[in-house]
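Visitor: Going by my numbering, the sequence shown wraps up at 1410, each residue one higher than the last.
Even glycine gets a Cβ: it sits at the ideal position worked out from N, Cα and C.
Quick caveat: nothing in here was measured; it's all calculated off a predicted structure.
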Amino acid sequence: MFADLNEKVALITGGGQGLGLGIVLKMAEQGADIAIADLSDENLRQAADQVEGMGRKVYTVKMDVTDKGSVTAGVNDLTSQAGQIDILVNNAGVAGAPGSTGTSFRDVDWDFTWKVNVKGLVDVTEAVLPQMRQRKAGKIINISSVAAKAAKYITAYYATTKMSVVAYTQALAREFAAENINVNAIAQVGFGLNFIRIG
């Protein structure tokens, strides 16, 4: 899935469980040192134990992507610990507010899903970008969804946010290509994991 990542530091938001944890372990397997952002202290601890067991360095921070102050402080903390962030994987995501009924008509679901899936992703990206621009190097991977193209089987608010991620990715890729910063999106297929709202 990934190339040789030796001597690279990868930050994965929502990296303490589910898809995010899978990405963490695969990137560690490919040689990266790992920075994990998550809301859950327990998830962070368990994920860190697994990465350390693979012989890789691991850095953790409790971060809530819905809180820009938390994002800024978290990225600064991880950068201080690791030295730099070479790869950013924006994985944190939700499909509705806590207690969502699955309907597309509740304001709370629209607002919360947008705040996590789009605004949170943008805030984390903007916190990491300056150091990538300074080095003229970096890779950003945004986790989108097949719902961005085939929305009829999923809630409208979720599909809308994931299509927004695709548009943001395309714009960012064009804007920073000349600075050797690669920006891509991956359209994941739901596989029954727990969504998390952390960065």
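Could you check the C-alpha separation between Gly1264 and Gly1349 for me, to the nearest Å?
Guide: Position 53 of the sequence shown, counted from the first residue, corresponds to residue 1264. Position 138 of the sequence shown, counted from the first residue, corresponds to residue 1349. When rounded, the distance between both Cα atoms is 27 Å.
Visitor: Please report the Cβ distance between Ile1354 and Asn1301, rounded to the nearest whole angstrom; I am assuming they are in contact, meaning their Cβ atoms lie under 8 Å.
Guide: For this step, residue 1354 is matched to residue 143 along the sequence shown. For this step, residue 1301 is matched to residue 90 along the sequence shown. The Cβ separation is near 6 Å, so the contact holds.
Visitor: Under 7 Å between the Cβ atoms of Asp1249 and Gly1229?
Guide: For the purposes of this step, residue 1249 is taken as the residue at position 38 of the sequence shown. For the purposes of this step, residue 1229 is taken as the residue at position 18 of the sequence shown. No, the pair does not count as a contact, with Cβ atoms beyond the cut-off.
Visitor: Which residues in the same chain as Ala1243 place their Cβ atom closer than 6 Å to its Cβ, once the five residues preceding and following it in sequence are excluded?
Guide: Start at 1 with the first residue of the sequence shown, and residue 1243 comes out as number 32. Excluding positions up to five away in sequence, the list reads Leu1216, Lys1219 and Ala1221.
Visitor: What's the call for Asp1434, buried or exposed, on a 16-neighbour Cβ count within 10 Å?
Guide: What is shown of the chain runs 1212 to 1410, which leaves residue 1434 out entirely.
Visitor: Report the three-state DSSP secondary structure of Leu1404 (helix, strand or coil).
Guide: Along the sequence shown, one-based indexing puts residue 1404 at 193. For Leu1404, the pLDDT reaches just 45, beneath the cut-off of 50, and the residue's location in the model is therefore unreliable, although a value from the coordinates is still provided. Three-state DSSP puts Leu1404 in coil, outside helix and strand.
Visitor: Closest by CA to Asp1278, which one among Pro1341, Tyr1379 and Val1327?
Guide: Reading the sequence shown from its first residue, position 67 is the one you call residue 1278. The option with the nearest alpha carbon to Asp1278 is Val1327.
Visitor: So is Arg1267 buried or exposed if we call it buried at 16+ other beta carbons inside 10 Å?
Guide: Taking the first residue of the sequence shown as position 1, residue 1267 is located at position 56. So Arg1267 counts as buried.
Visitor: Under a Cβ-count criterion, where at least 16 other Cβ atoms within 10 Å of its own Cβ denotes burial, should Asp1320 be classed as buried or exposed?
Guide: Sequence index remark: in the sequence shown, residue 1320 carries index 109 (1-based). So Asp1320 counts as buried.
Visitor: Only counting the same chain, and skipping five residues up and downstream in sequence, which positions put a Cβ closer than 6 Å to that of Gln1292?
Guide: As a first step, residue 1292 is located in the sequence shown; it is residue number 81 there, counting from the start. Once the five neighbours on either side are set aside, the close Cβ partners of Gln1292 are Tyr1270.
Visitor: Note down, in chain order, each residue of its chain lying with its Cβ closer than 7 Å to the Cβ of Glu1390, except the 5 sequence neighbours on either side.
Guide: Within the sequence shown, numbered from 1, the residue matching residue 1390 stands at position 179. For Glu1390, same chain residues with a beta-carbon under 7 Å away, outside a window of 5 residues either side, are Arg1344 and Lys1347 in chain order.
Visitor: Looking only at its own chain, which residues have a Cβ that is under 8 Å from the Cβ of Gln1257, when we skip the five neighbours before and after it?
Guide: As a position in the sequence shown, residue 1257 is number 46, starting the count at 1. Hits under 8 Å: Gly1227.
Visitor: Within the same chain, show all residues whose beta-carbon is closer than 7 Å to that of Ala1239, passing over the 5 residues directly before and after it, in chain order.
Guide: Position 28 of the sequence shown, counted from the first residue, corresponds to residue 1239. Excluding residues within five positions, the ones whose Cβ falls inside 7 Å are Ile1245, Val1262, Met1265 and Arg1267.
Visitor: Span of the alpha helix (DSSP H) holding Ser1375?
Guide: Within the sequence shown, residue 1375 is the residue found at index 164, counting from 1. Counting along the chain, the alpha helix (DSSP H) containing Ser1375 begins and ends at Ala1367 to Phe1387.
Visitor: Where does Asp1275 fall in DSSP's three states?
Guide: Locating residue 1275 in the sequence shown gives position 64, counting from the first residue. In the structure shown, Asp1275 sits in a strand (DSSP, three-state: E or B).
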